[in-house]
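Worksheet for the structure shown next.
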Amino acid sequence: KCSKFKEKLQAQITKGMAKIFEMISKFCKEEVSAIHEDYEKIKTKIMTLPNNEDELFELKKFAKGIKAKKEELREREKDVINRTLILEDYGQHLEQETTYMLWYCKTCPIEVDVASREGNNQLQREEEKFREKLEKEKEEWYKEIQNLHSDFEKVQQFS
Numbered sequence: 827k828c829s830k831f832k833e834k835l836q837a838q839i840t841k842g843m844a845k846i847f848e849m850i851s852k853f854c855k856e857e858v859s860a861i862h863e864d865y866e867k868i869k870t871k872i873m874t875l876p877n878n879e880d881e882l883f884e885l886k887k888f889a890k891g892i893k894a895k896k897e898e899l900r901e902r903e904k905d906v907i908n909r910t911l912i913l914e915d916y917g918q919h920l921e922q923e924t925t926y927m928l929w930y931c932k933t934c935p936i937e938v939d940v941a942s943r944e945g946n947n948q949l950q951r952e953e954e955k956f957r958e959k960l961e962k963e964k965e966e967w968y969k970e971i972q973n974l975h976s977d978f979e980k981v982q983q984f985s
């Protein structure tokens, strides 16, 4: 009777551990995918050219927050790695694709840095274009005001 109880208990423990390992693996797979997606979003957004001044302002603001976002993503990676170590302690492993993606995520901060430098250079060029455009509009506006003023003076002379 005791051995049957022991076997039943052992089977339940084994089943419970398998469920825990499955949950850890699922979490790691989803988290690695989300981390990778977040890195890709950062790279894509920073390389986006602004269409107007508001977008330029938003991109500059976004660029300032990249360092903090990268640190957050690194912390999430560390959490995933710690969970994979738990799996390894019990002879379990992540799916091969998840493992590859996790290691690929290690290169993402460097790719984000490269994209950030390129994006910041683009932002500077775009900002300069916007400044030139504003300066040109300012000059045109000033000329228009002068023309209106001179027209107004002519009208006053005839009145």
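Residues in the sequence shown are numbered from 827 upward in steps of one, following this note's numbering.
Beta carbons: idealized from backbone N, C-alpha and C, even for Gly.
Quick caveat: nothing in here was measured; it's all calculated off a predicted structure.
For this session: Would you mind giving the Cβ-Cβ distance between E879 and F978, rounded to the nearest angstrom? I have them listed as a contact below 8 Å.
Result: With a Cβ gap of about 32 Å, E879 and F978 do not count as contacting.
Exercise. Excluding sequence positions up to five away, which residues of its chain have a Cβ less than 6 Å from the Cβ of E876?
Worked result: The sequence given here has Pro at residue 876, not Glu. Counting only Cβ-Cβ distances below 6 Å, and skipping sequence neighbours, we find L882, L885, E952.
Problem set entry | Alpha-carbon spacing of C829 relative to I846, whole angstroms | Checking the displayed sequence, the identity of residue 829 turns out to be Ser instead of Cys. Straight-line Cα distance between these residues: approximately 25 Å.
Exercise. The alpha helix (DSSP H) with N947 in it runs from where to where?
Worked result: 934–984
Problem set entry | Distance between P935 and I892 (C-alpha atoms, nearest Å) | 10 Å
For this session: State the Cα-Cα distance for the pair I839 and K852, rounded to the nearest angstrom.
Result: 20 Å
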